[in-house]
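Asker:
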Amino acid sequence: MNNTVTISYAHDPVDWQRLADIFANAPFATRTPEDIQEAFANSYICCFAFSALHDRHDSTLLGAARAISDGVYYAVILDVVVDAGHQGQGIGRTLMEALLGKLPLEKIYLTAPPDAQNFYRKLGFYKHNNAMGRYAHPEKAFEHGVLSKQEPWSLAGISRYFTGSKPSNHQFFE
Ligand SMILES: CC(C)(COP(=O)(O)OP(=O)(O)OC[C@H]1O[C@@H](n2cnc3c(N)ncnc32)[C@H](O)[C@@H]1OP(=O)(O)O)[C@@H](O)C(=O)NCCC(=O)NCCS
């Protein structure tokens with residue numbers, strides 16, 4: 000645990016404009032504070048890293064992470080981001096550990112650009128070979144190789160595996 004930050008699961012101390020600036024400068028995404036606040040409010044669990052140098056009312060937001068989940072089988076981790084000036088100090092790992100501690104589930108998914116995948120690899124994530132995605136505007140994702148038109152049968156080496164079971168009730172389909 001990184002002791003230079005305080006982790007909060009509460010939304011009320013968050014300055015959403017500050018989080019929008021962190022998103023933009025990370026660099027991660029350009030989003031409005033209103034959209035970010037709504038997305039976080041509609042999530043299953045969120046965590047926020049604040050500077051531990053000040054008290055709660057005078058601390059600076061340094062990063063955030065959130066997950067959507069059904070609370071039983073699945074969770075998807077989204078929007079893991081650390082302020083550009085504070086990256087490489089263990090804050091991202093602290094955020095992820097705080098989030099994972101609230102997600103005692105069998106299957107946790109996320110997407111990550113290639114240059115961030117080793118960050119998640121160190122937290123126990125592996126490449127997922129049977130994931131699919133449907134985008135409203137997929138052109139750029141195809142252009143950048145994020146989506147592929149590779150035919151599904153080229154993955155025939157992967158056995159069919161039902162991912163929706165709890166650990167005590169695994170079902171396999173060959
Ligand atoms: C990716 C990101 C969240 C990582 O947070 P961070 O605070 O910089 O990472 P940490 O300092 O906690 O690093 C934890 C470990 O992961 C490694 N790591 C961090 N970022 C990495 C990267 N991009 N590639 C490979 N390893 C990385 C660190 O070296 C460290 O390794 P160690 O435990 O062996 O020392 C942060 O750099 C960021 O916000 N990047 C821009 C936005 C982004 O790409 N988000 C991810 C989108 S899915």
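Heads up, the sequence shown is in numbering that gives the first Met the number 0, so the first residue is 0 and it goes up one at a time.
Glycine residues also receive a C-beta, built at the ideal position from the N, C-alpha and C atoms.
1) With the cut-off set at 7 Å, would you say residue 65 and residue 82 are in Cβ contact?
2) Cα separation between residue 67 and residue 140?
3) Quick one: does the C-beta of residue 47 sit closer than 6 Å to a heavy atom of ligand 3?
4) Residue 6 and residue 97 - do their beta-carbons sit closer together than 7 Å?
5) What are the start and end residues of each continuous alpha helix (DSSP H) run of 4 or more residues lying completely inside the stretch 23-51, in chain order?
6) Could you tell me whether the Cβ atoms of residue 4 and residue 51 are closer together than 7 Å?
7) Have a look at the DSSP bridge pairing and note the partners of residue 68.
8) Applying the 10 Å Cβ sphere with the 16-neighbour rule, what's the burial state of residue 71?
9) Determine the direct distance from the alpha carbon of residue 147 to that of residue 122, and round the result to whole angstroms.
10) Which term fits residue 91, buried or exposed, when burial requires 16 or more other beta carbons within 10 angstroms of its beta carbon?
11) For residue 95, is the classification buried or exposed, using 16 other Cβ atoms within 10 angstroms of its Cβ as the cut-off for buried?
12) Does the Cβ-Cβ distance between residue 75 and residue 43 come in under 7 Å?
Answerer: Well, looking at it:
1) no
2) 22 Å
3) Of the ligands this structure carries, namely ligand 1, none is ligand 3.
4) yes
5) 32-40
6) yes
7) 74
8) exposed
9) 26 Å
10) buried
11) buried
12) no
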